[in-house]
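When we follow the numbering used here, the leftmost residue of the sequence shown carries the number 6, and every step to the right adds one.
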Amino acid sequence: MGTHTTLVLATLLCSACQPIHMGIDSDYTIAVESCYAYRYGDKLRKINFAQAFDWCHRAAQWGDANSQTLLGELYYLGLGGEQDMRHAEVWFEKAARQGQPHAQYMLYRIHAASNDLARQEQANYWLKQARQSGYKLAQPR
């Protein structure tokens, strides 16, 4: 195959994949926006925790740190389903490892509530991370 033929094939392959990629981006954006809209309400949608849970879960699976944090919060508070601290911790940790300050602070709170020494050390670690991220609630008073 000549260079020209290779370039033409590569161009065709890339253009064929673009609509699929654009569809994924669109689905991702809709999931993130719906996660927030149903959690807090907006001009078009009222607060609906069950819907927020579903949309946040979709966006969180794509790796969106803010949606992971909101999903963790929904589990933590038992909104849109049963309260589940184990799942809350899992989603907060995914977001916290991406630098999401509220998730870091929530991990601090979850670990600080334990009497286990290892979890207390984790609490200190996440409090430090939240402080370094500039999270207001984590700052010394």
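Glycine residues also receive a C-beta, built at the ideal position from the N, C-alpha and C atoms.
The structure presented is a predicted model; accordingly, all values stated were derived computationally and were not measured.
Query: Just to confirm, are residue 90 and residue 52 a CB contact at a threshold of 8 Å?; Result: no
Query: Using a Cβ-Cβ cut-off of 6 Å (strictly less than) and excluding sequence neighbours within five positions of residue 100, which residues of its own chain qualify?; Result: 70, 73, 74 and 108
Query: Report all residues from its chain with a CB closer than 7 Å to the CB of residue 54; omit the five preceding and five following residues, and keep chain order.; Result: 79, 84 and 85
Query: Can you find the residues in the same chain that come closer than 6 Å, C-beta to C-beta, to residue 131, ignoring five residues on each side of it along the sequence?; Result: 109, 112 and 113
Query: Quick one: Cα of residue 97 to Cα of residue 44, how far?; Result: 17 Å
Query: By alpha-carbon positions, which one of 143, 49, 94 and 102 ends up nearest to residue 124?; Result: 94
Query: Who are the Cβ neighbours of residue 13 in its own chain at under 8 Å, not counting the five residues just before and after it?; Result: Per-residue confidence for residue 13 stands at a pLDDT of 38, beneath the threshold of 50, marking its modelled position as unreliable; no derived number is given.
Query: Is it buried or exposed, residue 144, if we count other Cβ atoms within 10 angstroms and call 16 or more buried?; Result: exposed
Query: Going by C-alpha distance, which of 126, 88, 120 and 68 is nearest residue 102?; Result: 68
Query: Cβ of residue 139 within 8 Å of Cβ of residue 106?; Result: yes
Query: When burial is assigned at 16 or more other CB atoms within 10 Å of the CB, is residue 134 buried or exposed?; Result: buried
Query: Identify the continuous alpha helix (DSSP H) that holds residue 106 and give its terminal residues.; Result: 106 to 117
Query: Would you report the Cα separation of residue 82 and residue 35, rounded to the nearest angstrom?; Result: 24 Å
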